[in-house]
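Peer 1: Below are the structure tokens for one structure; questions will follow.
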Amino acid sequence: MADAPPGELVRVAVDAPQHSGLSGPLDYASEQALTSGTLVRVPLGKRELLGVVWPGLAAPAPGLALKPVAAVFDALPPLGADWCRLLDFAAGYYQRSVGELASAVLPPQLRELSPGQLAARLRKLARKPAPAPAAEPARPALAPEQAAAVARIEAQVGGGGGRPLLLFGVTGSGKTEVYLRAAEAALAAGRQVLVLVPEINLTPQLEARFTERFAALLPQPLAIVSLHSALTPAQRLQNWLAAHLGHARLVLGTRLAVFASLPALGLIVVDEEHDPSYKQQDGARYSARDLAVWRAHDLKVPVVLGSATPSLESWQHAESGRYERLTLASRIGGGALPKVRLFDMKALPAAPGVTTALTAPLLAALRERLDRGEQSLVFLNRRGYAPVLHCGECQWKSDCPHCSAWRVFHKRDRTLRCHHCGFTERVPRACPNCGNHDIAPIGRGTERLEEQLAEALPGARVLRIDADSTRRKGELEAQLQAVHDGEVDILVGTQMVTKGHDFRRIRFVAAVNPDGALFSSDFRAPERLFALLMQAGGRAGRDAAGEGGSEMWVQTWHRDHALYQALARHDYERFAADQLAERRSAGLPPFSHLALLRAEARTAEAAKAFLDAAAALLQDAQVLVYPPVPHAVARVADVERMQMLVEAGQRARLQAFLRAWVPALIALKRERPEFRAVLRWAVDVDPLAI
Ligand code: ADP
Ligand code: ZN
Ligand code: ZN
């Protein structure tokens, strides 16, 4: 094959890292003409890589002998032109090479299979038996607001898309039912439906709900599939193929599913659209929510963004009329939102122990619920037993030797664990500095809260759910089931428990120490806190049946803060208006557009020198480049992290700047020997955490 005459020239998107300077698709020779979108294997350097034949004409430098395509996956229909457009857009927007992005979002197993092996997988897929016949589902009659929302979505399903739809509905207002009806309309029109959720943990629950509704309508094998990173490689390939071949009519997934190949896509739903996990935090740092909006616009199909607390970006679009807002103002079945009680920590008598999270009034409130046989949730966004160990003699603290952070004390397994680099050691018996035996934990995480609750409320069944309690497969499911089954009185957890779970029995939710985010240097911290508390509160009283009223208890030293005042009235709109006014006057997103250039090196000086040189590369009067600053956790695993903010009033202006800047950065890093000290650098467009 190597010496075959180069009959045809093709462009192939292949994972040549952008930092190598090879950014676009590469040219190859091929014996046969290849349709764009065809999967191939091509040689690159010493390796052979998966690639995608890319639209557009190859234009090799004259006299250059092109390498031939090594293998063609001809049993697989080519990826669609729309898929290639999406990848081109995303690669350009997030400043990555299209080949790198394609390789990152295609199922990993494709890289390992030969064309023959893939053909075998396809034959296996075709033999997949149909699931057992399902009963016709019961569909509830829609509430008037739901019906109005569904009608607007249906109009777009039939009418070739339109403005993005922001479904603004309080928790328990029946947003999921709206998604189900919208999906039904798109399926009836012969289209595929893509539903995105923020958390892998939420996919089984959502899958169950969609399967229950559509199993009878979609009796074919693999008609409903999920796509997320917790699937086995074989499952992920199977489900991806089912979507690509059009067998899967309904695809439920996490952010990576936004890149699924869906030849008949007719509707995209993004549930909890405000959730930060839609933004990929490494590699190509894309926002699946934003790409969903782009993809829907490109395909002229509707996109529904649902939330009780929309991102301020989406809310501003609804305010300005770029998005159409669909509002569900009341809970289904008349379940009232919990009464919010802002508990003023300053009102406690000044005595030692006042700063304790478990205040006497909170314990009394929990005891009262306990006596009534009701469930409660106590929320604290910090896992472990205590964030730091401390020696009162010499002031030693359990810092991480590799990071600018404390190591967290985990009592259950007697470890000090760094949550940034993972460095773990047994808890020392005595202070490693002075030998004092009296080292004590400071502060409190969920583990300690769990212990203190069990102590203070003897007989109560206390269960903790966080990243530590759910490490092993199946643990989370089992723990959630115990909550649903009423085997738990008090649930203690991090934000993990606040998301989406439809707990029917919880009547009381307490946030014991949420103030930290009010004074964060990250301008998005209040927005996240508000969403988190609304969502946590939303776990309470979802069932109107219980009596006595549900309550959300917020312990704060800043009771009069506008955020808490809006929370007390469940007034997202007021909160959003306040925040947007602040953002507008400070020139922050959504009223400006940001990118971050991050650099990592063994020394802060080396990282800073690179950023300084980067800033000097390009001037644009409309683009502001701020001085480099250390990352909030400056050192992780012995690597110093610096970052530099780039800001522009117009998105297009920022994009134009980045298009010119990034190639110059690649050259800077490659050509200047002093920047060999820079281990990594990356551009983050529309960064979430600053
Ligand atoms: P959200 O997604 O807005 O939090 P859900 O869609 O989970 O709300 O709805 C809350 C509960 O109300 C669910 O148990 C759901 O089955 C039920 N529900 C939704 N719509 C209706 C309806 N029109 N009639 C009866 N029950 C409904
Ligand atoms: Zn000491
Ligand atoms: Zn560390």
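Numbering-wise (our numbering), the sequence shown opens with residue 408 and increments by one. Backbone N, C-alpha and C fix where the C-beta goes; we use that ideal spot for every residue, glycine too.
1) Let me know if R819 comes out buried or exposed under the rule of 16 or more other beta-carbons within 10 Å of its beta-carbon.
2) What span of residues does the beta strand (DSSP E) with L1001 cover, start to end?
3) Determine the burial state of D751: buried for a count of at least 16 other Cβ atoms within 10 Å of its Cβ, exposed for fewer.
4) Helix, strand or coil for V761 per DSSP?
5) At which residues does the beta strand (DSSP E) containing Y435 begin and terminate?
6) Would you mind listing the beta strand (DSSP E) stretches within the segment 701-769 that are 3+ residues and don't spill past its ends, in chain order?
7) With P484 and W647 assumed to form a contact (beta carbons below 8 Å), what rounded beta-carbon distance in angstroms separates them?
8) So does R790 have its beta carbon nearer than 8 Å to some heavy atom of ligand 4?
9) Which of helix, strand or coil does DSSP assign to F930?
10) So, with DSSP's three-state summary, where would you put P996?
11) With respect to the beta strand (DSSP E) encompassing A847, which residues constitute its N-terminal and C-terminal limits?
12) Quick one: residues in its chain with C-beta nearer than 7 Å to the C-beta of A465, no 5 flanking neighbours on either side, listed in chain order?
13) Check each candidate in L1025, F1017 and Q1026 and name the one with the smallest Cα separation from P1035.
14) Return the CA-CA distance between G660 and L613, expressed in angstroms with no decimal places.
15) Rounding to the nearest angstrom, what Cα-Cα distance links L765 and A1011 in this structure?
16) Let me know if E584 comes out buried or exposed under the rule of 16 or more other beta-carbons within 10 Å of its beta-carbon.
17) Taking Cβ positions, are S721 and E680 nearer each other than 9 Å?
18) May I ask you to verify whether the segment 584-600 touches the segment 708-721, counting CB pairs closer than 8 Å and requiring at least 3?
19) DSSP three-state call for D1093: helix, strand or coil?
20) Looking at the secondary structure, which residues open and close the beta strand (DSSP E) in which A1028 lies?
21) One question on the structure: do L770 and V899 come within less than 9 Å of each other, judged by their Cβ atoms?
22) Considering only their Cβ atoms, is the gap separating R821 from R814 smaller than 9 Å?
23) Excluding the 5 residues preceding and the 5 following S580 in the sequence, name in chain order all residues of the same chain whose CB lies nearer than 6 Å to its CB.
24) What residue ranges within the segment 488-529 form continuous alpha helix (DSSP H) runs of no fewer than 4 residues, ordered along the chain?
25) Can you give me the Cβ contacts of S437 inside the same chain, cut-off strictly under 6 Å, excluding the 5 residues immediately before and after it?
26) Just tell me which of A1096, G1056, R1060 and M1049 has its CA closest to the CA of R1087.
27) Tell me, which residues are paired with S379 by DSSP?
28) Since A420 sits in a beta bridge, which residues does DSSP pair it with?
29) Quick check: the Cα distance between R1083 and K1076, rounded to an integer number of angstroms?
30) Could you tell me whether the segment 1039-1054 touches the segment 990-1009, using the rule of 3 or more Cβ pairs below 8 Å?
31) Verify the contact flag: A1039, CB atom, against every heavy atom of ligand 3, threshold strictly below 8 Å.
32) With a threshold of 16 other CB atoms inside 10 Å of the CB of E1078, please say whether the residue is buried or exposed.
33) Going along the chain, which residues of its own chain have a beta-carbon closer than 8 Å to the beta-carbon of V604, five neighbours each way excluded?
34) Does the Cβ-Cβ distance between S636 and W490 come in under 9 Å?
35) Might you give, ordered along the chain, the residues of its own chain that have their beta carbon closer than 6 Å to the beta carbon of R991, omitting 5 neighbours on each side?
36) Since H797 sits in a beta bridge, which residues does DSSP pair it with?
Peer 2: Put simply:
1) exposed
2) H1000 to A1008
3) exposed
4) Confidence is the limiting factor: at V761 the pLDDT is only 47, short of 50, which leaves the residue's position unreliable, though a coordinate-based value still follows. V761 falls in the coil class under three-state DSSP.
5) L433 to S437
6) 710-714, 731-735 and 746-751
7) Wrong, their Cβ atoms sit about 13 Å apart, outside the cutoff.
8) Ligand 4 is not part of the structure shown, which contains ligand 1, ligand 2 and ligand 3 as its ligands.
9) Three-state result, F930: coil.
10) coil
11) I846 to I849
12) L416, V417, R418 and D434
13) Considering only alpha carbons, the answer is F1017.
14) 10 Å
15) 41 Å
16) buried
17) Contact flag set, yes.
18) Result yes; three or more Cβ-Cβ pairs closer than 8 Å.
19) coil
20) From DSSP, A1028 is part of no beta strand (DSSP E); its letter is neither H nor E.
21) no
22) Remark: C-beta atoms of R814 and R821 do not approach each other more closely than 9 Å.
23) Short of 6 Å from the beta carbon of S580, and not among the five residues preceding or following it, lie these beta carbons of its own chain, in chain order: L735 and R738.
24) 488-500 and 505-512
25) E415, V417 and V476
26) M1049
27) Residue 379 is absent from the structure shown; the chain starts at 408 and stops at 1097.
28) V459
29) 7 Å
30) yes
31) no
32) exposed
33) T610, L613, L659, G660, T661, D678, E679 and G907
34) At the C-beta level, S636 and W490 stay beyond 9 Å of one another.
35) F998
36) For H797, which the question treats as bridged, DSSP gives the partners K804 and A847.
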